[in-house]
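*Asks:*
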Amino acid sequence: RQMCIRDSINAEYGDVYKIIMKKMEERSSVSTIHYFPVKKSDSSTEINNEPSKTHTDTGILTLIMCASVPGLQVQDRSKDENTFIEVEKLVKPREHIFCIIGRKTELMSNVKPSVFTPTTHRVLLPFGVERYSLLFFMDVPI
347 RQMCIRDSIN
357 AEYGDVYKII
367 MKKMEERSSV
377 STIHYFPVKK
387 SDSSTEINNE
397 PSKTHTDTGI
407 LTLIMCASVP
417 GLQVQDRSKD
427 ENTFIEVEKL
437 VKPREHIFCI
447 IGRKTELMSN
457 VKPSVFTPTT
467 HRVLLPFGVE
477 RYSLLFFMDV
487 PI
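This is how it looks when you write it as structure tokens:
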């Protein structure tokens with residue numbers, strides 16, 4: 347009989363695995379975000395609107411369905427902290443999912459420095475552009 351991954355993990359970790367899965371189910375959520383179009387003011391010299399400022403997520407991970415209106419940008423760690431990659435321009439909208447690593451992965455790691463580094467990201471849109479995002483947040487209480 348072939349065992350699926352879930353059965354293998356359950357056999358190895360038993361009740362601990364069940365407790366973690368239950369907590370993840372309790373602390374996980376699906377959310378939609380509507381970024382309304384913002385008008386550029388006459389005095390503004392900016393060419394883009396930043397409706398979601400540069401940040402890291404607090405949970406374990408966030409799954410983001412790639413939107414038809416690109417806007418999600420991820421910090422390029424190989425360069426300076428002001429360099430971002432427009433990741434949704436590299437994939438097919440509504441077909442790919444992007445995974446954002448949250449801050450709790452660092453807390454849960456017993457390896458220092460952590461092999462899991464939170465993903466610094468933001469949403470940057472041209473003025474007057476509307477965007478919808480579909481997200482799945484996974485978290486556990488620590």
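Quick note on numbering: the sequence shown equals residues 347 to 488 in my numbering.
Think of the CB as a built atom: it goes at the ideal place given N, C-alpha and C, for glycine as much as any other residue.
Do three or more CB pairs link the stretch 403-420 to the stretch 464-482 at distances below 8 Å?
*Replies:* Touching, yes.
*Asks:* Take the Cβ of R423 as the centre, count every other Cβ of all protein chains shown within 10 Å, and call the residue buried at 16 or more, exposed below.
*Replies:* Looking up residue 423 in the sequence shown gives position 77. Under this definition R423 is an exposed residue.
*Asks:* Give the DSSP-derived three-state secondary structure of R440 in the structure shown.
*Replies:* Position 94 of the sequence shown, counting from 1, holds the residue named residue 440. R440: coil per DSSP, three-state reduction.
*Asks:* Based on the DSSP output, what are the partners of L409 in its beta bridges?
*Replies:* Taking the first residue of the sequence shown as 1, we reach residue 409 at position 63. For L409, which the question treats as bridged, DSSP gives the partners C445 and F482.
*Asks:* My assumption, with CB atoms under 8 Å, is that C445 sits in contact with L481. Please give the rounded CB distance.
*Replies:* Translated into the one-based positions of the sequence shown, residue 445 becomes position 99. Translated into the one-based positions of the sequence shown, residue 481 becomes position 135. Actually they do not touch by this definition, with Cβ atoms about 11 Å apart.
*Asks:* Within its chain, find whatever has a CB closer than 8 Å to the CB of E452; leave out the 5 residues flanking it on each side and keep chain order.
*Replies:* Locating residue 452 in the sequence shown gives position 106, counting from the first residue. Closer than 8 Å at the Cβ level, and outside the excluded window around E452, lie S460, F462, T463 and P464.
*Asks:* For the beta strand (DSSP E) holding T400, just list the boundary residues, first then last.
*Replies:* Start at 1 with the first residue of the sequence shown, and residue 400 comes out as number 54. Its beta strand (DSSP E) spans residues N394 to H401.
*Asks:* Could you give the first and the last residue of the continuous beta strand (DSSP E) run that contains T378?
*Replies:* Stepping through the sequence shown from its first residue, residue 378 is reached at position 32. Per DSSP, T378 belongs to the beta strand (DSSP E) from S375 to Y381.
*Asks:* Roughly how many whole angstroms lie between the Cα atoms of S328 and E432?
*Replies:* Here the chain covers residues 347 to 488 and nothing more, so residue 328 does not appear.
*Asks:* By Cβ distance, which residues of its chain are closer than 7 Å to S377, with the 5 residues on each side in sequence left out?
*Replies:* Taking the first residue of the sequence shown as 1, we reach residue 377 at position 31. If we look at S377 and ignore the five residues flanking it on each side, its Cβ neighbours are L481 and F483.
*Asks:* What is the DSSP secondary structure of R347, reduced to helix, strand or coil?
*Replies:* The count along the sequence shown starts at 1 and reaches residue 347 at position 1. Confidence at R347 is low in this model, with a pLDDT of 41, below 50, so the placement of that residue should be treated as unreliable; the coordinate-derived value is given next. Correct three-state label for R347: coil.
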